[in-house]
Amino acid sequence: MTEILSPSQLVRARESGRLVGGILQTLRDRVRPGTNLLDIDGWTRDMIVDAGAESCYVDYAPSFGSGPFGHYICTSVNDAVLHGLPHDQRLVEGDLLTLDLAVSLNGIAADAAISFVVGGNPAPEDERMIATTERALAAGIAAASPKARIGDISHAMGAVLKEAGYPINMEFGGHGIGTTMHQDPHVANDGRPGRGQKLRPGLLLALEPWVMVDTDQLAGDPDGWTLRSATGCRTAHSEHTVAITDRGAEILTLPSMTQD
Numbered sequence: 047m048t049e050i051l052s053p054s055q056l057v058r059a060r061e062s063g064r065l066v067g068g069i070l071q072t073l074r075d076r077v078r079p080g081t082n083l084l085d086i087d088g089w090t091r092d093m094i095v096d097a098g099a100e101s102c103y104v105d106y107a108p109s110f111g112s113g114p115f116g117h118y119i120c121t122s123v124n125d126a127v128l129h130g131l132p133h134d135q136r137l138v139e140g141d142l143l144t145l146d147l148a149v150s151l152n153g154i155a156a157d158a159a160i161s162f163v164v165g166g167n168p169a170p171e172d173e174r175m176i177a178t179t180e181r182a183l184a185a186g187i188a189a190a191s192p193k194a195r196i197g198d199i200s201h202a203m204g205a206v207l208k209e210a211g212y213p214i215n216m217e218f219g220g221h222g223i224g225t226t227m228h229q230d231p232h233v234a235n236d237g238r239p240g241r242g243q244k245l246r247p248g249l250l251l252a253l254e255p256w257v258m259v260d261t262d263q264l265a266g267d268p269d270g271w272t273l274r275s276a277t278g279c280r281t282a283h284s285e286h287t288v289a290i291t292d293r294g295a296e297i298l299t300l301p302s303m304t305q306d
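Structure, rendered in structure tokens:
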């Protein structure tokens, strides 16, 4: 299903996006060496409940997972890159943490992810990899005009990732979003320009370039959810929800204010 949101729904989507962006910024500010992944999950739960919103993850049970997910946020550490199931693990200085969050507020969902290094003094390769996913995301957003196609977005993101030398996994990527978290169209992290569905004002997309240092192959954890690099290399993931408008793509999940 592909949804085109009405103007009133787009107003609600902006509210959802601001909430997601604010929660992620608050979590980034709170995380320190010694923080437990379960604490991050609990903080997220409290902020979602306090906002009168609903988690898109707690009851999420897709065919590729061992569901329901049962937690409020994905916490992927170091070689984990997608669907990291929170568990009893304390972060240490230098861990590369990805937080991926989807929340529904007033019936409209928004989805975003950030990667950052815990504590100070990140390794140069970690900084480069995170920055590359952020640049790829910016390129995809810039390509998301109402006259473009999905392939134009995929090509723009893939060009940045490939130029930086990172392999690209084509199994998991971005997606449509709206009254439900995952919708058509699929937005791969590489593709051919001029191909795929035409973009229309009112379409919401979650764009999410992610990479692993030296492989495009994933390995699953016994928890049935967490996906890691097959070689054990480090990973990074950046994501925003955007709305296609007559003027281009509007980023909905930028952090505005913290939820404290």
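According to our numbering, the sequence shown is numbered sequentially starting from 47.
All C-beta atoms in this analysis are idealised placements derived from N, C-alpha and C, irrespective of residue type, glycine included.
Under 6 Å Cβ to Cβ from LEU300, same chain only, skipping five residues before and after it: list those, please. So the list reads GLY67, once near-sequence residues are dropped.
If you measure between the beta carbons of THR121 and LEU143, is that distance less than 8 Å? Yes, the pair counts as a contact, with Cβ atoms nearer than the cut-off.
Quick check on this structure: which residue in GLY140, ALA190, ASN152, PRO192 has the alpha carbon closest to the alpha carbon of ASP172? Comparing Cα-Cα distances from ASP172 to each of GLY140, ALA190, ASN152, PRO192, the minimum goes to GLY140.
Using only CA atoms, which one of ALA148, ASP125, LEU147, HIS117 lies nearest to HIS133? Measuring C-alpha to C-alpha distances from HIS133 to each of ALA148, ASP125, LEU147, HIS117 identifies HIS117 as the nearest.
Taking Cβ positions, are ILE297 and ILE160 nearer each other than 8 Å? Taking 8 Å as the Cβ cut-off, ILE297 and ILE160 do not qualify as a contacting pair.
Buried or exposed for PRO255, going by 16 or more other Cβ atoms inside 10 Å? Looking at its Cβ environment, which holds 16 or more other Cβ atoms inside 10 Å, PRO255 is buried.
Check whether the Cβ atoms of ALA59 and CYS102 lie closer than 8 Å to each other. Result no, Cβ atoms of ALA59 and CYS102 do not sit closer than 8 Å.
Throw me the rounded Cβ distance for the ALA22 and MET216 pair, which I believe falls under 8 Å. Limits of the chain in this structure are 47 at one end and 306 at the other, which puts residue 22 out of reach.
Please tell me whether ASP236 and ILE214 are closer than 8 Å, where the distance is taken between their beta carbons. The beta carbons of ASP236 and ILE214 sit closer together than 8 Å.
Based on the DSSP output, what are the partners of LEU145 in its beta bridges? Beta-bridge pairing links LEU145 to THR121, ILE160.
Any 3 or more C-beta pairs closer than 8 Å across the region 280-289 and the region 82-100: In this structure the region 280-289 does not lie against the region 82-100, because fewer than three pairs of beta carbons, one per stretch, are closer than 8 Å.
Would you report the Cα separation of SER52 and LEU137, rounded to the nearest angstrom? Across the structure, SER52 and LEU137 are spaced so that their CA atoms are roughly 42 Å apart.
Rounded distance between the beta-carbons of VAL164 and PRO108, thought under 8 Å: With a beta-carbon spacing of about 29 Å, PRO108 and VAL164 fall beyond the 8 Å limit used to define contacts.
To the nearest angstrom, how far is it from the Cα of PRO192 to the Cα of ALA252? Their Cα atoms are separated by approximately 16 Å.
May I ask you to list the residues that DSSP assigns as paired with VAL57? Paired residue(s): none; VAL57 is not in a bridge.
Quick check: LEU56 and ALA289, are their CB atoms within less than 8 Å of each other? Closer than 8 Å, so yes.
Express the C-alpha separation of GLY220 and ILE243 in angstroms, rounding to a whole number. Looking at the sequence shown, residue 243 is not Ile but Gln. Using only the alpha carbons, I get a separation of about 14 Å.
Can you list, in chain order, the residues of its chain with a C-beta nearer than 6 Å to that of GLY63? Leave out the 5 residues immediately preceding and following it. Annotation for GLY63: ALA156, THR287, LEU298, THR299 place their beta carbon closer than 6 Å to its own, counting only its chain and skipping 5 residues before and after.
Going by other Cβ atoms of all chains shown within 10 Å of its Cβ, with 16 needed for buried, is GLN263 buried or exposed? Exposed: under 16 other Cβ atoms inside 10 Å.
Between the alpha carbons of GLY224 and THR48, how many angstroms are there, rounded? Rounded to the nearest angstrom, the two C-alpha atoms are 9 Å apart.
I want to see whether chain C comes within less than 8 Å of ARG74, judged by CB atoms only; does it? Considering every chain present, this structure includes no chain C. It has just one protein chain.
Considering GLU296, what are the terminal residues of the beta strand (DSSP E) in which it resides? From DSSP, the beta strand (DSSP E) with GLU296 extends over 294-297.
Count the other CB atoms, across all protein chains shown, that sit within 10 Å of the CB of ALA169; report buried if there are 16 or more and exposed otherwise. Burial call: exposed.
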